[in-house]
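Below you'll find the structure, written out as structure tokens, and then a few comments.
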Amino acid sequence: MNSIMKFRVIGLITALFILSLPALCRAESPVIENVELFNFRDLTTPVTEFVIGDEATFTVRFTDPDIDCAYLTISEYFLIIPNPDPSSETTYWIMQDTVTDTINSFPDLDPVEISGPMGDWRIDFRIEDKAGNVSNIFEVFVTIYLLEIPEPIPDPIDDDDSGGGGGGGGCYLSICATCGADPHVREISIIGQ
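Taking the numbering used here, the leading residue of the sequence shown gets 554, the next gets one more, and so forth.
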């Protein structure tokens with residue numbers, strides 16, 4: 554009876570050890586905490602919108618328990634295409650003297666010129682260490698414009714309730730619910746001056 558009990562205990566310990574191996578391996582993998590993109594003209598304000606011709610750079614903040622990060626890979630996907638393949642993939646070698654602690658920043662100080670095409674993009678960042686452990690994939694979504702980033706449309710409603718003077722020309726689209734008998738009817742009105 555004791556030998557059967559010992560066999561069960563050893564089997565249980567072995568099973569628990571085998572099940573904990575993936576968690577132990579993940580504990581040594583780098584983890585990307587944050588990625589910020591910058592227009593090279595202003596390195597203090599993170600952005601997600603660029604104009605073709607802008608120069609962009611980034612900072613990646615990551616943790617690595619065993620401080621052996623080796624590569625940073627960046628993949629860019631143009632989101633207009635269903636199930637896109639990477640439009641480009643760039644791998645940076647992380648110099649060991651830049652990795653000094655378990656929490657690090659990897660700044661890319663050389664700007665990259667935004668060349669388009671215009672539209673929505675997803676940029677994936679991942680880190681691989683010398684042992685082959687791969688970090689999480691950190692996604693950043695970016696919009697690229699052809700000429701300029703559109704400004705928010707100001708509120709066109711005048712303060713003086715006169716319905717015409719004073720607030721500049723143009724027209725705007727007003728969408729509001731009607732208070733009639735049918736609550737599903739919506740009123741769309743174009744108001745111009």
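Here a beta-carbon is modelled for each residue, glycine too, at the ideal position from N, C-alpha and C.
8 Å Cβ cutoff met for residue i and residue j
| i | j | result |
| --- | --- | --- |
| Asp617 | Asn657 | yes |
| Gly672 | Ile627 | no |
| Ile680 | Ile620 | no |
| Leu596 | Val613 | no |
| Asn686 | Glu581 | yes |
| Glu701 | Val604 | yes |
| Pro639 | Tyr630 | yes |
Close Cβ partners of residue i (< 6 Å) along its chain, the five nearest in sequence each way excluded
| i | result |
| --- | --- |
| Glu692 | Arg675, Asp677 |
| Asn592 | Val600, Asp607 |
| Glu666 | Glu608 |
| Cys622 | Pro583, Ile647, Val652, Ile680, Asp682 |
| Glu589 | Pro599, Thr612 |
| Glu642 | Ser628 |
| Thr610 | Phe591, Phe593, Asp661, Pro664 |
For residue i, three-class secondary structure by DSSP
| i | result |
| --- | --- |
| Val600 | coil |
| Gly606 | coil |
| Pro664 | strand |
| Glu701 | coil |
Cβ-based neighbour list, residue i, same chain, cut-off 7 Å, excluding 5 preceding and 5 following
| i | result |
| --- | --- |
| Arg594 | none |
Those residues which DSSP pairs with residue i across a bridge
| i | result |
| --- | --- |
| Glu681 | Tyr624, Val687 |
| Asp753 | This structure does not reach residue 753, given that the chain is present from 554 up to 746, and the question cannot be answered. |
| Gly669 | Gly669 pairs with nothing; no bridge assigned. |
| Ile676 | Glu629, Val693 |
| Glu581 | None; Glu581 has no bridge partner. |
| Ser641 | Glu629 |
Close beta carbons around residue i, own chain, < 8 Å, minus the five adjacent residues each side
| i | result |
| --- | --- |
| Leu699 | Val604, Ile605, Gly669, Met671 |
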